[in-house]
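Participant:
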Amino acid sequence: MSIRRFVIAATTAVFGLAAQAAEMGWTATSYLVRMDQSTGEFARRGLAMFKDGEVVPFRIEGKITASEGNAQTFRTKIVYTFQDGSTLVQEGEGRTERQAADRNTQTGTGRFTAGTGRWEGVSGTTSSVGRGLTAYGDTFTEFKADYSLPAK
13 MSIRRFVIAA TTAVFGLAAQ AAEMGWTATS YLVRMDQSTG EFARRGLAMF KDGEVVPFRI
73 EGKITASEGN AQTFRTKIVY TFQDGSTLVQ EGEGRTERQA ADRNTQTGTG RFTAGTGRWE
133 GVSGTTSSVG RGLTAYGDTF TEFKADYSLP AK
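The opening residue of the sequence shown carries number 13 in our numbering; numbering runs sequentially from there.
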């Protein structure tokens, strides 16, 4: 590391300009509110239960990007709206594989793309695993994230 980089890194750390890195996890339940079979576009609503006990409503806008056999790939944008008015936006990609008429498994990866209030300036990556539990599109998903926020 050059002397200049070391001085910048040390100054940033001393004056609190570095981002605060953290991990978090949450579980979510959601249900299908719209599905357009002709375009693959869909919408979901649900509740996210964060490890600190906070329960947060969210909405998902998505699109199925490919279907092959029992598997589908998709893109999503999830907007979480917290009680204090803060929002957190997560965008990602995933895959669903049908196990039976009313059951499927899901995996996904994503990133935080925006936030307001306490989430302003957020960046980070997410991963998820989930299950579809009914023919009506009810799902249960577990999320993990590594993220950072600018120092205040």
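All residues carry an ideal CB built from backbone N, CA and C; glycine is no exception.
Kindly identify the DSSP beta-bridge partner or partners of Gln118.
Facilitator: Bridge partners of Gln118: Thr108 and Gly142.
Participant: Going by DSSP in three states, Gly129 sits in which element: helix, strand or coil?
Facilitator: Of the three classes helix, strand and coil, the one that applies to Gly129 here is helix, per DSSP.
Participant: When you compare only the Cα positions, how much space is there between Arg71 and Thr39?
Facilitator: One C-alpha to the other measures close to 14 Å.
Participant: To the nearest angstrom, how far is it from the Cα of Ala147 to the Cα of Ser50?
Facilitator: Each residue's Cα considered, the two are about 19 Å apart.
Participant: For the candidate residues Lys63, Glu66, Asp64 and Arg46, whose alpha-carbon lies nearest to that of Arg57?
Facilitator: Closest option to Arg57, Cα to Cα, is Arg46.
Participant: Skipping 5 residues on each side, what residues in its chain have a beta carbon closer than 7 Å to that of Met13?
Facilitator: Only weak support is given to the placement of Met13: the predicted model assigns it a pLDDT of 48, under 50, and the value that follows is read from those uncertain coordinates. Excluding sequence neighbours, Met13 sits near nothing in its chain.
Participant: Excluding the five sequence neighbours on either side, which residues of its own chain have a C-beta within less than 7 Å of the C-beta of Val26, listed in chain order?
Facilitator: With a pLDDT of 40 at Val26, under the threshold of 50, the modelled position of that residue is not reliable, and the figure given next carries that caveat. Correct list: empty, nothing qualifies.
Participant: Please list, in chain order, all residues of the same chain as Asp158 whose beta carbon is under 6 Å from its beta carbon, the five residues on each side excluded.
Facilitator: So the list reads Glu35, Gly136 and Thr137, once near-sequence residues are dropped.
Participant: Compute the Euclidean distance between the alpha carbons of Thr77 and Val134, then round it to the nearest angstrom.
Facilitator: Looking at the two C-alpha atoms, the distance is approximately 27 Å.
Participant: What's the C-alpha gap between Gly81 and Gln32?
Facilitator: Cα to Cα, Gly81 sits roughly 43 Å from Gln32.
Participant: So, is Gln111 buried or exposed, given that buried needs 16 or more other C-beta atoms within 10 angstroms?
Facilitator: That one is exposed.
Participant: Go ahead and pull the three-state DSSP assignment for Phe94.
Facilitator: Correct three-state label for Phe94: coil.
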